[in-house]
Each structure stands twice: as C-alpha cells, then as structure tokens.
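Below you'll find the structure, written out as structure tokens, and then a few comments.
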Amino acid sequence: MIHRRNVLKSAAALGILGVAPGGLVRSAGAQNRPFTFCSWGGSLSETEKKAFMDPFSEANAVEILNVSPISYAKVKAMVEAKAVEWDLVDVGGQFIYQGRDAGVLEPIDYSIVKADHLEPYWKTEYGVYTSTGASVLAFNTQAFPEGKEPQGWADFWNVKDFPGARSLYGRLYYNYEAALRAAGVAANEIYPATDEKVKMAMAKIAELKPNITVWWTSGAQAPQLLSTGEVTMALAWSGRINDAMREGSPVSMTFRDAIAWGNAFVVPKGTPYRELAMQVIGYAITQEAQERLVPIGTYGPVLGTAAATASPEQAKFMVTHPDNTKVEVIFNDEEVAKYWSKWEEEWQKFMLS
517 MIHRRNVLKS
527 AAALGILGVA
537 PGGLVRSAGA
547 QNRPFTFCSW
557 GGSLSETEKK
567 AFMDPFSEAN
577 AVEILNVSPI
587 SYAKVKAMVE
597 AKAVEWDLVD
607 VGGQFIYQGR
617 DAGVLEPIDY
627 SIVKADHLEP
637 YWKTEYGVYT
647 STGASVLAFN
657 TQAFPEGKEP
667 QGWADFWNVK
677 DFPGARSLYG
687 RLYYNYEAAL
697 RAAGVAANEI
707 YPATDEKVKM
717 AMAKIAELKP
727 NITVWWTSGA
737 QAPQLLSTGE
747 VTMALAWSGR
757 INDAMREGSP
767 VSMTFRDAIA
777 WGNAFVVPKG
787 TPYRELAMQV
797 IGYAITQEAQ
807 ERLVPIGTYG
817 PVLGTAAATA
827 SPEQAKFMVT
837 HPDNTKVEVI
847 FNDEEVAKYW
857 SKWEEEWQKF
867 MLS
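Mind the numbering: the sequence shown is residues 517 to 869 in my numbering, read in order.
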C-alpha cells in the first residue's frame, strides 16, 4: 500500500541541508522523492504503518511513502549502484549480519536512536528490532477435534496420530529449529548451529518430506492452505494466522514450541535520508509507539513494558509478555545467518530431490 502526505518544504530545497519541523534533518539530494519505508506487505506492513509511520509522519509533518515487498537482492543492488530508493527497510534479522558483511547497511547511530531501554538482543550494530512475532504450528480446526489439537513440533512430525498433509517454509531457517525440537533437542541447545545439528535437522525433515505437499514462500500461503483444507498443519507466521482467525477462517495455532523472532529495521548505505531514518527507528521503540502495537494485536512489542499493558486475551499472542512462558526458542539471527549462508545450496538440492 502507498501512503502520501503533503510535505512542508525545507531549506534543503535550496541545495543545503535543512532542518524540518520537529528537528528532522533532510538531505538536499533526497528532495526529488519522499522518505521511503519498505516492508513485507500484508498485515505486518499495515501494523507498522498504523503504529509507527503514520503517527511519526503526522507529528513531524514529513511525508513517508510505504512500499512492499522487501527484496534483499534489491537492497544490495541499490546500494552497489549508488541509487538508493528505500531509506528504511524491515528485514529478517539474519540480514542484519549478511548486510553488514556485504557492506550495504549504515551502522545504527545510537546518538539518535535512544535504545538503552531495549534488551540487548533487540539491538545490534546494524539493526534494531521494533516488533515481535513467532513461527508457530498452525492447523485446520476442522481436521482435529477440540481437545485433541497438535501441541508442538513432535505432534507436527507425528503423522500417525495427527494425519494429513503438511506445509513448511521454503527456507532452511525455522525448519531447522522446528525439526530439532521435534527430534527432542532442548530449546537451549538449538544454538550454536553446528554442522552436526544441521544434518540432524535435515534428516528429521527428510522423514516428514513425503507428507509435505507445499513449501510456502509467501506469508499469505500458509493460512490459505490451512483454511481450504489442502493441508492440516503448517509452520506459519503468527501474525498471518492471527489475521485469518479474526476473519473467521477455520484455522488456529499454538504458541507451545513457538520460534520467537523480531522484525528488524535497517538503513541501506548511502540513503540521503540517513538521519531521518534513525529518527524513525528511535520513535518506533518508544513506549508510546510500542504500546500502539498492543490493540492492533498482529505483531507484539519488543518492549516488555508495552507488552505488559495487554489484556489477558491479547497477551496470549505476545512473545514478550511476562506471562507468556510457552515460547522457549528465541531465533538467533546471527547463528541463522551463519548456517543459512553455509547450507542454503544444500537445502535447495534437498528440496528438489
């Protein structure tokens, strides 16, 4: 979705750096286009627009163009061509490390981004997490009687007692974590991701492969497959399933064994809106902005103090809520970046075999 607002002109239009209302710095080189935020689309983009982009835009009288979907290849291509079109990008956290190593990201300026209140794992040198979700076991409610729903990844792999087709994500990550949990590996032993553990995970996935009818690549696919009954269970993103449940689709999910992760904001190297991008990140992690995620309910806050304002019903779907003890695995993006880079080619061969 594209959203435009009128912009107050600054002195930058005269070819110098200007300070806009609210102390926002704009670059002269960016005046031929608005500040552009790119995310994944769907419910996540809508959530970020409502919680972060629109309030920041209105408070500071600055135009923000919201676009989707994100493409890592495009980020790299834009930076390498010195033609950056996206000024702030929502990425899977592993790209923080891949982008760092490729030299395509600006380091976070923590003199602008005030992040002392964040837990250490939600802030890194090249990216800051602004919302949370999880990869969960989701299922078709018509396929399993009430009280006999699958409860974790061991049940996902148990096709005898929980029959039906399955769907997994088309990448190695998430599957690695889920497979190891199904194999009985303790949550605190998932990482570091050694070669032996990756081989164990792939062997476990190979056991289930005859029952995997779809390897999904878009977040919207999993709830659609479940709602039509094409599959009875799927690894899915919690926000997408939450939306499907609200729409009355016959789908549900369990947060038991969920793989919690964060949505990270990064700044492409060479953007003419570097300082403004940092200010948007800083706003997104304020208590005010984080609390705005709670009633939206699709993706949760990174701030536990914001999650603590949720009602008991809202809290069920927030991985940072103090009462949520079902989530045991926290996605380690630095480890994921390592094993993904090393094993992705082997994974592609595995899926095609």
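From the three backbone atoms N, C-alpha and C, an ideal C-beta is built for every residue, glycine too.
Pairing Tyr815 with Thr563 gives a Cβ-Cβ distance under 8 Å. Take Met794, set aside five residues on each side of it, and the residues of its chain with a beta-carbon closer than 8 Å to its own are Ile624, Asp625, Ile628, Val629, Val783, in chain order.
Rounded to the nearest whole angstrom, the C-alpha separation of Ile801 and Leu819 is 8 Å.
The count of Cβ pairs closer than 8 Å, one atom from the stretch 674-694 and one from the stretch 740-747, reaches three, so the stretches are in contact. For Thr563, the uninterrupted alpha helix (DSSP H) segment begins and ends at 558-564. In the DSSP secondary-structure assignment, Tyr645 is bridged to Ala780.
Taking 8 Å as the cut-off, the beta carbon of Ala853 is found no closer than this to the beta carbon of Gln658.
Comparing alpha carbon positions, the residue from Ala760, Ile728, Tyr588 closest to Met867 is Ile728. When DSSP states are grouped into helix, strand and coil, Gly755 belongs to the helix group. Just so you know, the alpha carbons of Phe833 and Ile757 end up roughly 11 Å apart.
One alpha carbon belongs to Gln806, the other to Asp570, and they sit about 14 Å apart. Within 10 angstroms of the beta-carbon of Arg808 lie 16 or more other beta-carbons, which makes it buried. Per the DSSP secondary-structure output, Leu581 pairs in a beta bridge with Thr552. Residue pairing by DSSP places Arg682 opposite Ile728, Met749 in a beta bridge.
By the neighbour-count definition (other C-beta atoms within 10 Å, threshold 16), Ser587 is an exposed residue. In this chain, the beta strand (DSSP E) harbouring Val605 covers 604-608. Beta-bridge pairing by DSSP links Met769 to Ala654. Between Asn848 and Tyr645, the C-beta spacing is not below 8 Å. Rounded to whole angstroms, the gap between the alpha carbons of Tyr690 and Glu851 is 12 Å. Excluding sequence positions up to five before and after Met761, its CB lies within less than 7 Å of the CB of Val767, Ser768, all in the same chain and listed in chain order.
Under DSSP, the beta-bridge partners assigned to Leu621 are Pro784.
Counting every other CB atom within 10 Å of its CB across the protein chains shown gives Lys720 a total of 16 or more, marking it as buried. DSSP, reduced to helix, strand and coil, places Ile801 outside both helices and strands of the structure shown, so it counts as coil. If you look at Gln667, you'll find it isn't in any alpha helix (DSSP H); DSSP assigns it neither H nor E. Within the same chain, Phe866 come within 8 Å of Ala722 by CB-CB distance, once the 5 residues on both sides are set aside.
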